[in-house]
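Novice:
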Amino acid sequence: MSVSKLVFAPLSYTGWGSLKELLPEVEKYDPKKILVVTDPMLAQIGLTDRVTDPLETEGYSVTLYTDVVPEPPLETGEKLVSFTRNGQFDMVIGVGGGSALDLAKLAAVLAVHEGPAVDYLNLTGTKNVEKKGLPKILIPTTSGTGSEVTNISVLSLETTKDVVTHDYLLADVAIVDPELTVSVPAKVTAATGIDALTHAVEAYISVNASPTTDGLALQAIRLIGRSLRKAVEDGSDKQARIDMSNGSYLAGLAFFNAGVAGVHALAYPLGGQFHISHGESNAVLLPYVMGYIRKSCAKRMADILNALGGNSTYLSEEEASYKCVEELERLVKDVGIPSTLAGFDIPASALESLTQDGVKQKRILARSPLPLLEDDIRQIYQSAFVGAVAEPK
Ligand SMILES: [Fe+2]
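Note that the sequence shown ends on residue 1449 in the working numbering; no numbers are left out.
#1: Quick check on this structure: which residue in ARG1278, GLY1392 and GLY1315 has the alpha carbon closest to the alpha carbon of GLY1366?
#2: Could you check how far apart the C-beta atoms of PRO1163 and VAL1093 are, in whole angstroms? I think they sit under 8 Å.
#3: Thinking LEU1225 and LYS1161 are a contact (beta carbons under 8 Å), I'd like their distance in whole angstroms, please.
#4: Would ARG1350 be called buried (16 or more neighbouring beta carbons within 10 Å of its own) or exposed?
#5: Less than 9 Å between the C-beta atoms of ALA1354 and GLU1383, yes or no?
#6: Quick check on SER1058: buried or exposed, where buried means 16 or more other Cβ atoms within 10 Å of its Cβ?
#7: Go through the region 1241-1299 residue by residue and report every complete run of the alpha helix (DSSP H) that reaches 4 residues or more, in order.
#8: Using CA atoms only, rank isn't needed, just tell me which of ARG1423, TYR1324 and THR1221 is closest to ALA1317.
#9: Between ILE1402 and chain D, is the shortest Cβ-Cβ distance under 9 Å, so that the two count as touching?
#10: Whose CA, out of VAL1220, GLY1115 and SER1138, lies closest to the CA of LYS1088?
#11: For my contact list, VAL1232 and SER1074 are in at a C-beta cut-off of 8 Å; report their separation, rounded to the angstrom.
#12: Take LYS1379 as the anchor and find which of GLY1315, PRO1394, PHE1330 and GLY1347 has the nearest alpha-carbon.
#13: According to the neighbour-count rule (16 or more other Cβ atoms, all chains shown, within 10 Å of its Cβ), is GLY1399 buried or exposed?
#14: Which full runs of the beta strand (DSSP E) of 3+ residues lie inside the region 1087-1163, going along the chain?
#15: Using the Cβ count rule (16 or more neighbours within 10 Å means buried), how would you classify ALA1404?
#16: Distance, Cα to Cα, LEU1157 vs ASN1207?
#17: Grab me the residues of VAL1118's own chain with a C-beta within less than 7 Å of its C-beta, minus the 5 sequence neighbours each way, in chain order.
#18: Less than 9 Å between the C-beta atoms of LEU1342 and VAL1388, yes or no?
#19: Using a Cβ-based criterion (distance less than 8 Å to any ligand heavy atom), does ASP1158 qualify as near ligand 2?
#20: Is the Cβ-Cβ distance between LEU1322 and ASP1218 less than 9 Å?
#21: Taking GLU1081 and ILE1193 to be in contact with their CB atoms under 8 Å, please state how far apart those CB atoms are, rounded to whole angstroms.
#22: DSSP on ILE1208, reduced to helix/strand/coil?
#23: Are there any heavy atoms of ligand 1 lying less than 8 Å away from the beta-carbon of ASP1299, as far as the coordinates show?
#24: Going by alpha carbons, who is nearest to ASN1302 out of ASN1184, ILE1436, ARG1285 and TYR1069?
#25: Might you give, ordered along the chain, the residues of its own chain that have their beta carbon closer than 7 Å to the beta carbon of LEU1103, omitting 5 neighbours on each side?
#26: For ligand 1, is there any heavy atom lying closer than 8 Å to the beta carbon of GLY1202?
#27: Measuring CA to CA, which of LYS1187, ASP1290, THR1122 and ALA1310 is closest to PRO1267?
#28: Could you check where the alpha helix (DSSP H) with SER1060 kicks off and where it finishes?
#29: Here's a check: name, in chain order, each residue in its chain whose Cβ is nearer than 6 Å to the Cβ of SER1337, leaving out the five neighbours to either side.
#30: Can you tell me which of the three DSSP states ASP1413 falls into?
#31: Just confirm the distance between the C-beta atoms of LEU1407 and GLY1281, as a whole number of angstroms; I'd bet it's less than 8 Å.
#32: Could you pull the start and end residues of the alpha helix (DSSP H) that LEU1361 belongs to?
#33: From ASN1313, THR1245, TYR1305 and ASP1228, pick the residue whose C-alpha is nearest to that of ASN1262; which is it?
#34: Determine the closest residue to LEU1410 out of ALA1265, SER1439, PRO1425 and GLY1392, with distance taken between C-alpha atoms.
#35: Thinking ASP1223 and VAL1063 are a contact (beta carbons under 8 Å), I'd like their distance in whole angstroms, please.
#36: I need the boundaries of the beta strand (DSSP E) containing ALA1230, first residue and last residue.
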């Protein structure tokens, strides 16, 4: 029997209308100056007002910070950290997609540390996070990244990504209100939704999976499997938005504890070298990575097939695992995401640089049930270029 360390930290509110819990939660901390970190688009369409208006009405001093970009570069993080230190804030609220939430966590923690954010990067930094930082409340407006329940802040470097990670980056409160996701465009719903699905699938096949994370992951796959297409087709479909919100939250809890694996490892270089969004990078690789490793986790792939609404009753594990890959492929296609790397205009000549960057993701690759070495990684990328699932030689 193995021992699992499980962290389900943030006090969370989920469900339609759960944003109403924000004010009572803020009151508990009695902040003097609140910093709200949010995407500029959300401020523009007035969604952020739904967070700031009730606070301002109650007399809180609220400062809006909107210098947030997708897949935020390190410099974006540095600027926000300086701004937070100079502003003497005593609470940070993140409102938005994964980028806004990741930046909010980073700012809240590094506000009480010294030196630039680069010093605290996981791979190349020289300093450790030592203090909890300012209280932080995270409010996702997309159903995908799970950032509201993880302890990681991802930052983009020149051609790769690095993270600041520590349990002090965990939110004090997460408010996961599907009502806030209704205005998310179809393309973003699709990409973030497949990211959430990938979190659940990879947590389920991870070598660090446990009975607890299995339960979370399978329920996430069920909810996302039955509602992602609907949420993409009709963003106003309330039940679909509720399912996606809960699915994304459960997938976040699952992967924070069990980890992600090969899909995420090989997706990072696509973001780093070609600026493909995190969700789309995962989506385009999902069938190819799962197809490559399926024999190492066939029984689990059969479970995933069933959770996606398929039926493995009359199939061998081998057949069910194959069908699971087909089902994943179909889902990615149905939500309108290109199914090959060529579909993202990535030249075939990039095979080697992608492979070399993929190999570097050792920490994530270590969770794959099938060890993925350099040749395997090259074969998987190659299969994603030609659009035909490959198997280990
Ligand atoms: Fe992800």
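We treat Cβ as the ideally placed atom computed from N, Cα and C, and that holds for glycine.
Specialist: In this structure, then:
#1: ARG1278
#2: In the sequence as displayed, the identity of residue 1163 is Ala instead of Pro. Correct: roughly 6 Å between the Cβ atoms.
#3: 4 Å
#4: buried
#5: no
#6: exposed
#7: 1242-1261 and 1267-1289
#8: ARG1423
#9: Absent from the structure: chain D. Only one protein chain is present.
#10: GLY1115
#11: 7 Å
#12: GLY1347
#13: exposed
#14: 1089-1094, 1117-1121 and 1147-1152
#15: exposed
#16: 11 Å
#17: ILE1090, VAL1092, THR1108, LEU1111 and GLU1112
#18: yes
#19: Judged by which ligands are present, ligand 2 is missing from the structure shown, whose ligands are ligand 1.
#20: no
#21: 6 Å
#22: strand
#23: no
#24: TYR1069
#25: THR1197, LEU1236 and SER1239
#26: yes
#27: ALA1310
#28: That residue, SER1060, is in no alpha helix (DSSP H); it is neither H nor E in DSSP.
#29: ALA1323, LEU1326 and GLY1327
#30: helix
#31: Not really, about 32 Å apart at Cβ, beyond 8 Å.
#32: 1354-1363
#33: Note on identity: in this sequence residue 1262 is Ser, with Asn being the wrong assignment. Closest by alpha carbon: ASN1313.
#34: SER1439
#35: 7 Å
#36: 1229-1232
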